[in-house]
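Going line by line, the protein sequences match chains A and B.
If you use the numbering used here, the first sequence closes out at 292, no skipped numbers anywhere.
If you use the numbering used here, the second sequence closes out at 561, no skipped numbers anywhere.
For each residue, glycine too, the CB sits at the ideal point set by N, CA and C.
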Amino acid sequence: MVINASSNHRTKKSAPSSWVVWLGLVPFFIFGLSFELLPLLTVIRSSLTSKGLFTLEFYRQAMDPLFLRSFGNSIKLSATTASLGVVFGTLVAYAIITTNNKFLQNALTALSDVTTNFGGAPLAFAFIVILGSTGVITLILKEIGINLYPNFRIYSISGLTIAYLYFQLPLMILLIIPSLHGLKREWREAALNLGASGFQYWVRVALPILFPSLMSGFLLLFANSFGAYATAWTLTGSDVDLITIRIAALIRGEVQLAPELADALSIMSLLIMSACVVGYMWLSNRARRTRA
Amino acid sequence: MNTRALWRHIVIVLFLLFMIVPLIATLIFSVSIRWDRTLWPEGFSLDWWKAVTSHSAFFLTLKNSFIASFATMFCLLVLVTPTTYWMQLRVPKGKFIVELIASFSFGVPGVVLALSLIRFYSKVPLPIVNHPTILVAACMVLSLPFMYRPILNALEAIDFRVLTEAAQSLGANGWITLTRVIVPNIMPGIISGCLLVFSTVFAEYTLTNLLVGTRFKTFPIYLVEFTRQDGRQASALAVISFLVAWVTSLLIIWVTSKGGRETTHVIGR
């Protein structure tokens, strides 16, 4: 009885302190609840209910060819800029880490650090200045006999691809440099000693090792481009039919449609983007563990 | 060996051209009299700069952008620093939820974040829709990871447990320990977090446009208006945006490289 009481006493004393410490995180949780979770749940619920009843009607409407085309354009643009970003980013990153010039290495990494945060209106404008119909590169190319216009327009999906690469390329460089450092010199030497060519080393040894990092880079770049809005809006207005542009038009009330439809479209694009980010986190964790 | 060096030079030069030509061209464009018919500008003048800075909206939007950036920075600092410290010290089990909240904006398109805030707060009896308050809240969600990451990294690099015990054995309470002992030791993390938040919010367009529109005009909103009206004046505004982004980024690199050296020192011990 006495023993029981004392053990009771001890659990009582330690039990509160184990949950009391959580109180310190309450302000942060309230923030997450009021500006992230609850707003998001409102949208999810509204996209699934009509007159108080559960319905998938709005998702059925969101499958209209009109909206599927917007999703298709967004996915195509994201896949293109992500693939180009992965290929050229890795190439530039490899060039950066194999230079012996320490200053150049640091300067190029710093340049990537700065430019990957560029985007939006100023970036869009800079590309109008160089590649617009009277842009300087357009003029130079015309001088040497290449007419960009009217086959190419900066205010189109192909123009957007070039502008997006401006922040995709540096992002990939920053993501892949640690993995490229993880390729040990001995592996290359071992492969070459065993009679492999440089090409065989890349295809059979280096690329399989890099694969999780390349894949995770692709997913992050994809999400980065899929959620982008400001650059596309400044560059093309409503000319280019991307899903983010369409949702924004619905929010501003430029297009009159059921608000629940905008909610359903939002949830669908949220699912695509967050699936990419979760995939990125999973793969990059795996890549990091392999390195370590 | 030589062909490999040549290949590397070509890749690096092309990369540099792609990254730098748009910036230089915008700068030259903003000081050119005309540059749309000839290969080289037809003359130089500062007229566009004078014109664009003479509008009263120029300083108003600049001021609004600074207000939004500093408000977001301050609120995040107050919210994130104690939370991260407390989590590391006492509630390691809470890390998963904290990281989920902190990384929310990575997985959510900006337009969806704006839509969800409008939907929720137009139903709730809290009159912040269309008010700068909701913009600051949204910018906090957007830039939360940029404040959380550097502070967490800085905390992980110092012996915060030993520092806390030492402070408390000398009679300091939790608040004094945080502000006088922990904060000065994670200063590089705090400063780079603040700078990252600043540059993110200063360039923010999507949330501002959708949440407050013209009621609280910020610098990027002003810039987009000009790209539709007058390209030359817009180019001067674009140059200012690029300058702000460059200066903050270079400051971040400078701060983290200083902090980085201390970090490796601590780990080396």
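CA-to-CA distance, residue j to residue i, given in whole angstroms
i: V21(A); j: P384(B); result: 10 Å
i: C486(B); j: T498(B); result: 21 Å
i: S527(B); j: I468(B); result: 49 Å
i: F490(B); j: A190(A); result: 48 Å
i: G505(B); j: N356(B); result: 13 Å
i: H347(B); j: S361(B); result: 22 Å
i: F426(B); j: G182(A); result: It should be pointed out that residue 426(B) corresponds to Ile in this sequence rather than to Phe. Rounded to the nearest angstrom, the two C-alpha atoms are 44 Å apart.
i: W378(B); j: E457(B); result: 14 Å
i: E496(B); j: S156(A); result: 23 Å
i: V454(B); j: A446(B); result: 15 Å
i: L210(A); j: L221(A); result: 16 Å
i: W299(B); j: Q200(A); result: 19 Å
i: L139(A); j: L535(B); result: 27 Å
i: C276(A); j: T345(B); result: 43 Å
i: M432(B); j: M365(B); result: 8 Å
i: S34(A); j: A349(B); result: 33 Å
i: A429(B); j: I483(B); result: 21 Å
i: E36(A); j: R507(B); result: 24 Å
i: S158(A); j: V114(A); result: 24 Å
i: F31(A); j: W327(B); result: 50 Å
i: G120(A); j: N193(A); result: 50 Å
i: W538(B); j: Y514(B); result: 20 Å
i: F452(B); j: V473(B); result: 9 Å
i: R524(B); j: L354(B); result: 18 Å
i: I176(A); j: P39(A); result: 35 Å
i: F511(B); j: L352(B); result: 8 Å
i: S179(A); j: V493(B); result: 31 Å
i: W233(A); j: D522(B); result: 17 Å
i: P476(B); j: I544(B); result: 17 Å
Backbone secondary structure at residue i - three-state DSSP
i: S156(A); result: coil
i: A49(A); result: For clarity, residue 49(A) is Thr in the given sequence; the question names Ala instead. Here T49(A) sits in strand by DSSP.
i: I3(A); result: Caution is warranted here: a pLDDT of 43 is assigned to I3(A), below 50, making its placement in the model unreliable, and no coordinate value can be reported.
i: S197(A); result: coil
i: F534(B); result: helix
i: P424(B); result: helix
i: S324(B); result: strand
i: R561(B); result: Only weak support exists for where R561(B) lies, its pLDDT of 25 falling under 50; the value from the coordinates is given anyway. Reduced to three states, the DSSP call for R561(B) is coil.
i: L308(B); result: helix
i: F396(B); result: helix
i: F336(B); result: strand
i: S361(B); result: helix
i: G386(B); result: helix
i: F242(B); result: Only positions 293 to 561 of chain B appear in the structure, and residue 242(B) is not among them; the question remains open.
i: R329(B); result: coil
i: T11(A); result: For T11(A), the predicted structure reports a pLDDT of 41, less than 50, and the residue's modelled location is therefore unreliable. The matter cannot be settled from this model.
i: N285(A); result: helix
i: L414(B); result: Here the sequence assigns Ser to residue 414(B), which means Leu is not the residue at that position. S414(B): coil per DSSP, three-state reduction.
i: K184(A); result: coil
i: F118(A); result: coil
i: N356(B); result: helix
i: P419(B); result: coil
i: P401(B); result: coil
i: A317(B); result: helix
beta-carbon residue i near the ligand MN non-hydrogen atom, thresh 7 Å
i: R411(B); result: The ligand content of the structure shown is nil, which means the ligand MN is not present either.
Of all the alpha helix (DSSP H) runs that stay within the bounds of the segment 211-273 of chain A, which reach a length of 4 or more residues?
-> Complete alpha helix (DSSP H) runs here, min 4: 230-236 and 243-252.
Would the segment 456-463 of chain B and the segment 353-371 of chain B be scored as touching if the rule is three or more Cβ pairs under 8 Å?
-> Contact between the segment 456-463 of chain B and the segment 353-371 of chain B is absent, because fewer than three Cβ pairs lie under 8 Å.
At least 3 beta-carbon pairs within less than 8 Å: the segment 161-170 of chain A vs the segment 80-97 of chain A | By the Cβ test, the segment 161-170 of chain A is in contact with the segment 80-97 of chain A, since at least three Cβ pairs between them sit closer than 8 Å.
Quick one: which residues of the segment 365-376 of chain B get their C-beta closer than 8 Å to a C-beta of chain A? List them in chain order.
-> L371, V372, P374 and T375
May I have a chain-ordered list of the alpha helix (DSSP H) segments no shorter than 4 residues that lie completely inside the segment 32-115 of chain A?
-> 38-48, 57-62, 65-98 and 102-115
What residues from the segment 301-326 of chain B come within 7 Å of chain A, judged by C-beta to C-beta, listed N to C?
-> V303, I304, F307, M311, V313, P314, L315, A317, T318 and F321
Stretch-stretch touch, CB-based, cutoff 8 Å, three pairs: the segment 241-252 of chain A with the segment 224-232 of chain A | yes
Is there contact here, the segment 393-402 of chain B with the segment 431-441 of chain B, by at least three beta-carbon pairs under 8 Å?
-> The segment 393-402 of chain B is in contact with the segment 431-441 of chain B.
Give a yes or no on contact between the segment 316-328 of chain B and the segment 130-147 of chain A, applying the rule of three or more CB pairs nearer than 8 Å.
-> yes
Tell me, please, whether the segment 146-166 of chain A touches the segment 199-206 of chain A by the rule of three or more beta-carbon pairs shorter than 8 Å.
-> no
Return the chain-ordered ranges of every alpha helix (DSSP H) run that is complete within the segment 433-462 of chain B and spans a minimum of 4 residues.
-> 452-461
In chain order, each alpha helix (DSSP H) run of at least 4 residues that lies wholly inside the segment 472-555 of chain B = 479-494, 498-503 and 511-521
At least three beta-carbon pairs within less than 8 Å, the segment 264-284 of chain A to the segment 50-62 of chain A = Touching, per the Cβ criterion.
Would you call the segment 212-222 of chain A and the segment 95-110 of chain A in contact, with 3 or more CB pairs under 8 Å?
-> no
Looking at C-beta atoms only, is the number of pairs between the segment 317-337 of chain B and the segment 518-538 of chain B that lie closer than 8 Å three or more?
-> yes
Every unbroken alpha helix (DSSP H) within the segment 129-182 of chain A, with a cutoff of 4 residues, ordered by chain = 136-143 and 157-181
With 8 Å as the C-beta to C-beta threshold (strictly closer), list the residues of the segment 107-123 of chain A near chain B in chain order.
-> Those residues of the segment 107-123 of chain A that come within reach of chain B (Cβ to Cβ, closer than 8 Å) are L108, A110, L111, D113, V114, T115, N117, F118, G119, G120, A121, P122 and L123.
Taking 8 Å as the threshold, find out whether the segment 408-420 of chain B comes into contact with the segment 329-339 of chain B through three or more Cβ pairs.
-> no
Chain-ordered residues of the segment 398-415 of chain B with a beta carbon less than 9 Å from chain A | F398, G399, V400, P401, G402, V403, V404, L405, A406, L407, S408, L409, I410, R411, F412, Y413 and K415
Which residues, in order along the segment 507-520 of chain B, keep a beta-carbon less than 7 Å from a beta-carbon of chain A?
-> Against chain A - using a Cβ distance shorter than 7 Å - the residues of the segment 507-520 of chain B are P512, L515, V516 and T519.
Three or more C-beta pairs closer than 8 Å, one from the segment 108-121 of chain A and one from the segment 280-290 of chain A: is that the case here?
-> no
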